[in-house]
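For reference, the structure is listed below as structure tokens.
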Amino acid sequence: MVPGMRKPASIVVAARVAGLPGSEAELAVGDLIVSLNGKAIPNVATLRADLGKLPSGSPVVFQIQRGDQLRFIILDLP
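Counting along the sequence shown from 1, when you hit position 43 you're at 44 in this note's numbering, and nothing is skipped either side.
Structure (structure tokens):
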């Protein structure tokens with residue numbers, strides 16, 4: 002586990018892309034995505050697979066770590 006991480010695995014937000022879900026929300030470069038709808042997300046492949054299983058318009062709840070704080074961000078898939 003990387004020092005400062007509150008969870009053993011997560012994905013680092015490296016960039017934001019205009020027009021994609023989350024680009025207007027609170028996701029920021031450097032955030033750690035910890036879970037999606039309550040399920041741990043240890044890598045990008047898992048994130049993509051889990052998002053791909055959801056129908057359009059579904060609500061998505063990300064748990065993220067920013068600094069030493071855990072937060073929840075809610076989005077609707079396009």
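Glycine is no exception: its CB is placed at the ideal position from the N, C-alpha and C atoms.
All values derive from a computational prediction rather than experimental measurement.
As the crow flies, the alpha-carbon of Asp69 is around 19 Å from that of Pro43. Nearest neighbour of Gly53 by Cα position, chosen from Glu27, Gln66, Ala29 and Leu37, turns out to be Leu37. Per DSSP, reduced to three states, the secondary structure at Leu52 is helical.
Contact between Val13 and Gly39 is absent: CB atoms are separated by about 20 Å, not below the 8 Å threshold.
Per DSSP, the beta-bridge partners of Asp77 are Pro60.
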